[in-house]
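Everything in the sequence shown is counted per the UniProt record's numbering, starting at 1 for the first residue and increasing by one. Beta carbons: idealized from backbone N, C-alpha and C, even for Gly. None of these values were measured; they are calculated from a predicted model. What follows is a set of notes on a single structure, which appears directly below.
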Amino acid sequence: MDGGFRPAQRVTGVGTSVFTEMTELARRTGAVNLGQGVPELASPPGLLADVAAEVLAGENQYPPARGRLELRRAVAEHQARRYGLEYRPEDEVLVTTGATEALAGALLGLCDPGDEVLAFDPCYDAYPAGARFAGARLVGVPLALDGDRFVLDEGALRAAVSPRTRVLLLNTPHNPTGKVFTAGELAVVAEVAIEHGLTVVTDEVYEHLVYDGLEHRTIAALPGMRERTLTISSAGKTFGVTGWKVGWVCGPAPLVAAVAGAKQFLTYTSGAPYQRPLAKMLGGVEEWAAELRRILAHNRDLLSAGLARAGLRPYRADAGYFVQADISAWGHGDGVRFCRELPLRAGVVAIPTAAFYVRQGTPSQLVRFSFCKPEKSIAEAVEKLLKAA
Ligand SMILES: *Cc1c(COP(=O)(O)O)cnc(C)c1O
């Protein structure tokens, strides 16, 4: 290579190639982009105004390393109010640069080279990369397909644990499937974690976006779990402000200290002007989230019904931004090729679910459509898919 440069092993192959490729395809072809999960919905107007005011008032320098106490208090209050979990704002809550930094910090803070991290497969693409940066290896535990939903496979989970397993990464509500782990499934995950002395890192960035009256449950609330669990969330998905990158992590002080140790030299601190406004907003999150859920559930119904009519069998999406569809009926078994052709064939962009699988040989007939878009875009995409079907 030029100048003898070669990238370090930890970043070779990490590229988000399919996402970049599909976004570029959408731009070039003018297709309706139901690929990336960038929300195109309203954010709370008061929150936006408060952040603007903070910037103008001079809240532009390094806040405390662990985050403004107001925000840490609001996060602790939120966990207590919603889940009955008490965390000390002083040393059991840490503000991070998005959930992404909380995840990376947790893996860097908890894993030594050669350790293994379990995650349910398919999984969010930051997980394998984060494990790799820590010198650890992500082991995918396949979720099973059962009718129109994804379910925990207890046998696969138990078989994946090894003497090297340190961390179990849980994500509920789950991206990219829209799955919400049931009470029974969480009990199994907790049992395995306790039996093998694993730390659980749970990514709950869609905690407020659960539909149809279903309930988000947090694993830290199960007996014996608070002491071994780091719970991560973020403002991005709840308030439609993914560009702000403000997240947080709660857990017992020694676990939070491990994340803080990594965070100190990744970013030191996070987004000053966002913190006090988010603290205020979190206090009233339920009211905001109820309206957002109504919009998203409506969009999901519109998209799922449209996919079904177009012969792209949708899976149940109980939460989040995404719906999975089976493309087999269009004479396709390869989601990657399907998604490359779809912008030209139908004028719609989706993401092949294969991009989220860690393990090889996993279901390639699935593609992910996002519904965190205006109703108009979803209606337009459905119309185009029906025309092309
Ligand atoms: C979007 C997303 C994140 C990233 O959250 P940020 O706060 O933007 O860093 C993490 N996990 C999942 C499952 C996500 O969908």
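Taking the C-beta atoms as reference points, E59 is found no nearer than 8 angstroms to A279.
Beta-bridge annotation (DSSP): E116 is paired with R137, T165. Taking all protein chains in view, the Cβ of K376 is surrounded by fewer than 16 other Cβ atoms within 10 Å, so the residue is classified as exposed. For S270, the secondary structure class from DSSP, reduced to helix, strand or coil, is coil. Minimum Cα-Cα distance from A253 among the listed residues D203, R88, R217 corresponds to R88. Excluding its 5 nearest sequence neighbours in each direction, V180 has C-beta neighbours in its own chain below 7 angstroms: T172, P173, V210, L214, H216, D318, A319, listed in chain order.
In the DSSP assignment, F369 is bridged to V323. Here W244 carries a coil assignment [DSSP, helix/strand/coil]. Here the alpha carbons of G109 and F5 stand approximately 29 angstroms from one another.
The C-alpha of A381 lies about 23 angstroms from the C-alpha of R149.
In this chain, the beta strand (DSSP E) harbouring S234 covers 229-234. If the five residues before and after G251 are omitted, its C-beta is found closer than 7 angstroms to the C-beta atoms of E92, T229, L230, T231, all from its own chain and listed in chain order.
T199 is bridged by DSSP to V167. Rounded to whole angstroms, the Cβ separation of F371 and Y321 is 6 angstroms, and the two are in contact under 8 angstroms.
Taking C-beta atoms as the reference points, G13 and T23 fail to come closer than 8 angstroms. An exposed status is given to L56, since fewer than 16 other beta-carbon atoms sit within 10 Å of its beta-carbon.
When rounded, the separation of the alpha-carbon atoms in R316 and G178 is 7 angstroms. Secondary structure note for T96: it is in no alpha helix (DSSP H), and the uninterrupted beta strand (DSSP E) holding it is 93-96.
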